[in-house]
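For the sequence shown, the positions run 1 to 516 when the UniProt record's numbering is used.
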Amino acid sequence: MASTDSVMPSLSSYLSLIRKAAFQSPRPSAAPTLILGNPSADLDSFVSAILLSYFYNCNSQSQDRQRRQQHLSPGYIPILNLPTVASSDLWRLRPEFGVAIRLALGHSTAEIDVCEDHADQSKVPELEQVVTIADVKKHRDSNLIPARLFSNSDKDSNEGQQQRLLLVDHNAPSIPGLSESAIRSRFTVMGVIDHHVDEDYVSKKPEDTNPRIITTGIGSCTSLVVQHLRDEGMWPSPDNFSKDSKSSHKNSSEGDKEGAGQLSTEKPLEQLAKLALAPILIDTANLLATGDKCSDTDRCAVRFLESFILAPAAHSNLSTTTNDAQGSHWDRDSFYSCISTTKTNSLDLLTTQETFDRDYKSWSEAQVHSQAHDKSAPQIEIGIASLVRPLSWLVTHGPAPSTVKSFVAEMRTFATAEERRLGVFMLLTRREDGGKELVLAVLDDAGRGLVHDFETKAGPELQLRAWATKKGDWEASVPQELRANFVDAAVWDMRDTSKSRKQVGPLVRQCVRELK
Numbered sequence: 001m002a003s004t005d006s007v008m009p010s011l012s013s014y015l016s017l018i019r020k021a022a023f024q025s026p027r028p029s030a031a032p033t034l035i036l037g038n039p040s041a042d043l044d045s046f047v048s049a050i051l052l053s054y055f056y057n058c059n060s061q062s063q064d065r066q067r068r069q070q071h072l073s074p075g076y077i078p079i080l081n082l083p084t085v086a087s088s089d090l091w092r093l094r095p096e097f098g099v100a101i102r103l104a105l106g107h108s109t110a111e112i113d114v115c116e117d118h119a120d121q122s123k124v125p126e127l128e129q130v131v132t133i134a135d136v137k138k139h140r141d142s143n144l145i146p147a148r149l150f151s152n153s154d155k156d157s158n159e160g161q162q163q164r165l166l167l168v169d170h171n172a173p174s175i176p177g178l179s180e181s182a183i184r185s186r187f188t189v190m191g192v193i194d195h196h197v198d199e200d201y202v203s204k205k206p207e208d209t210n211p212r213i214i215t216t217g218i219g220s221c222t223s224l225v226v227q228h229l230r231d232e233g234m235w236p237s238p239d240n241f242s243k244d245s246k247s248s249h250k251n252s253s254e255g256d257k258e259g260a261g262q263l264s265t266e267k268p269l270e271q272l273a274k275l276a277l278a279p280i281l282i283d284t285a286n287l288l289a290t291g292d293k294c295s296d297t298d299r300c301a302v303r304f305l306e307s308f309i310l311a312p313a314a315h316s317n318l319s320t321t322t323n324d325a326q327g328s329h330w331d332r333d334s335f336y337s338c339i340s341t342t343k344t345n346s347l348d349l350l351t352t353q354e355t356f357d358r359d360y361k362s363w364s365e366a367q368v369h370s371q372a373h374d375k376s377a378p379q380i381e382i383g384i385a386s387l388v389r390p391l392s393w394l395v396t397h398g399p400a401p402s403t404v405k406s407f408v409a410e411m412r413t414f415a416t417a418e419e420r421r422l423g424v425f426m427l428l429t430r431r432e433d434g435g436k437e438l439v440l441a442v443l444d445d446a447g448r449g450l451v452h453d454f455e456t457k458a459g460p461e462l463q464l465r466a467w468a469t470k471k472g473d474w475e476a477s478v479p480q481e482l483r484a485n486f487v488d489a490a491v492w493d494m495r496d497t498s499k500s501r502k503q504v505g506p507l508v509r510q511c512v513r514e515l516k
């Protein structure tokens, strides 16, 4: 894509355009492709979808010479995989999104840090322009996206052509509240960019799936998106940045006036570069993570993105602090810390149920021996909630009275909710010292023996150890209370802190399949 030939709106203008197209514009002759992240709807999924849709839409517009001077007509709609969370509530449930947008628009970390409540800094109008599945379900008269696609009623199944999906940050579509059969009947996956284990859902035929990028060992899916956009020539190189951004800024100047948080000195490519840096730095612990949490692909993406912020003379290394040619200050450490602190403190605003749901993923698995004898064998639903706080915090911040008993009751309420009906529920928590804790609770009789099998098979890889407790402290009652309320349960310290849900998920799914 030659960016000087295309309309490159500011981030504010683009999000507004997408929102208006989804709910106000006339339906186009061709249905749009939805770009959908995973059900945890984290910063990585959010930014991956926004970036990919932005450049795909701009690229499509630049190829249409007859409409080049008109407003960009989106053929790709980024949608957050949140069936129960409206965009108006994202400031509270995903405050790091708002802070990342604010930083991308040119606000300083100092400006955000002086505010005691980082969540208050997430109240940016741009965040309410994001489209979630809940928004679509609410606006049943949406022009671009039929609400029936996300209905859990078989009566509302999609009639006619399937909805096209381009998946980011997962490679087998999962939409809370929809069965696998409903998803298969209503959607067709035409592309995927992901860094999780390949689930072999998406066709490997180039004529069916393009792009098909599934690469493990990468810290952030956004890094793969950035690399893909560069490989396809959609994201201009830093050498052309000054020339291209000047033209792009001129094209988008009128639209920028509509964004309440817009700083006119920030050009579109600078905004997009900063937005892309947010999830990459968060997922790689500011490029300091080890193992497959940080790769050369991540480091290369950061180097490329910072080229749109830093002076040319500063491009030779990955130093975290420098000044650009105009004297403005770029401090990667402060940028990372600002977003990370917001994400960590965001749990203070949530109920226990919202805390579990904030970064949650689920899968369905059937036991291999059952499948061999009965193809209609029931599926065991598995759910894992990733949390940036320790068990001690979760217990003390639960509903009054804040006891182990009430906390375990909250776990059971979440797992047995009508929209989940879990057979296995796991919590992956993080202690203040950087250590991790893992809770495994079995609710289905078919899952008996899972605790033992998981500890035996996955224990060495995850370095599971008996959960450290002090005699007489409240912690001693946690394993006991868990076992009293579930078919079986256990809690461990996970010594290999480089492992995340990306590793824990496949391991527990394999153990469920192999249960006898």
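Every residue, glycine too, gets a C-beta built ideally from N, C-alpha and C.
Every value quoted in this text rests on a predicted model; they were computed, and no experiment measured them.
Using a Cβ distance threshold of 8 Å, residue 283 and residue 40 do not count as a contacting pair. As a beta-bridge residue in DSSP terms, residue 424 pairs with 382 and 442.
A Cβ-Cβ separation of about 11 Å leaves residue 101 out of contact with residue 128 under the 8 Å criterion. When the five nearest sequence neighbours on each side are left out, the beta carbons in the same chain lying within less than 8 Å of the beta carbon of residue 301 are those of 220, 222, 223, 226, 227, 276 and 280, in order along the chain. Taking all protein chains shown into account, residue 452 has fewer than 16 neighbouring C-beta atoms within 10 Å of its C-beta and is therefore exposed. Sequence-distant Cβ neighbours of residue 404 in its own chain, meaning closer than 7 Å and more than five residues away, are 395, 474, 477, 478 and 481.
For residue 357, the enclosing alpha helix (DSSP H) has its first and last residue at 352-358. Each residue's CA atom was taken as its position, placing residue 340 and residue 516 some 42 Å apart.
Under the rule that a run must span 3 or more residues, the beta strand (DSSP E) segments found entirely inside the stretch 158-200 read 163-168 and 187-194. Per DSSP, residue 135 lies in no beta strand (DSSP E) segment; the continuous alpha helix (DSSP H) that holds it begins and ends at 133-138.
Taking a cut-off of 8 Å for Cβ pairs, the stretch 200-218 and the stretch 73-87 do not touch, as fewer than three such pairs fall below it.
For a cut-off of 8 Å, the C-beta gap from residue 412 to residue 345 is around 27 Å, too long to register as a contact. DSSP places residue 298 in the uninterrupted alpha helix (DSSP H) bounded by 296-306.
Shown here for residue 431: same chain residues with a beta carbon closer than 6 Å to its own, the five before and five after excluded, namely 390 in chain order. With 16 or more other CB atoms across the displayed protein chains lying within 10 angstroms of its CB, residue 171 is buried. Between residue 48 and residue 231, the CB-CB gap reaches or exceeds 8 Å.
Cβ-Cβ separation between residue 424 and residue 512: approximately 7 Å, consistent with a contact (criterion under 8 Å).
If you compare the alpha carbons of 122, 21 and 361 with that of residue 42, the shortest gap goes to 361. Contact annotation: residue 292 and residue 217 have beta-carbon atoms nearer than 8 Å.
In the DSSP assignment, residue 33 falls within the unbroken beta strand (DSSP E) covering 33-36. Burial is judged here by how many other beta carbons sit within 10 angstroms of a residue's own beta carbon; residue 24 has fewer than 16 and is exposed. Residue pairing by DSSP places residue 491 opposite 439 in a beta bridge. Residue 461 and residue 507 do touch by the CB rule: their CB atoms are close to 7 Å apart, below 8 Å. In this structure, residue 105 sits near residue 11, with a CB-CB distance shorter than 8 Å. Taking the C-beta atoms as reference points, residue 99 is found nearer than 8 Å to residue 342. Here the alpha carbon of residue 173 sits roughly 8 Å from the alpha carbon of residue 38. Residue 18 sits in a helix when the DSSP states are folded into three classes. Between residue 356 and residue 400, the gap from beta carbon to beta carbon reaches 8 Å or more. In the three-state reduction of the DSSP assignment, residue 452 falls in the helix class.
Bounds of the alpha helix (DSSP H) holding residue 283 are 268-283.
For the options 501, 151 and 332, the alpha carbon positioned closest to that of residue 428 is the one of 501.
In the three-state DSSP reduction, residue 212 falls in the strand class (E or B). Each of 382, 58 and 36 was checked against the Cα of residue 82, and the nearest Cα belongs to 36. Listed in chain order, the non-local C-beta contacts of residue 295 below 7 Å within the same chain comprise 217, 218 and 219, local neighbours out to five positions each way being set aside. Measuring C-alpha to C-alpha distances from residue 9 to each of 31, 26, 57 and 32 identifies 57 as the nearest. Taken in chain order, the whole alpha helix (DSSP H) runs of length 4 or more contained in the stretch 394-422 are 404-415.
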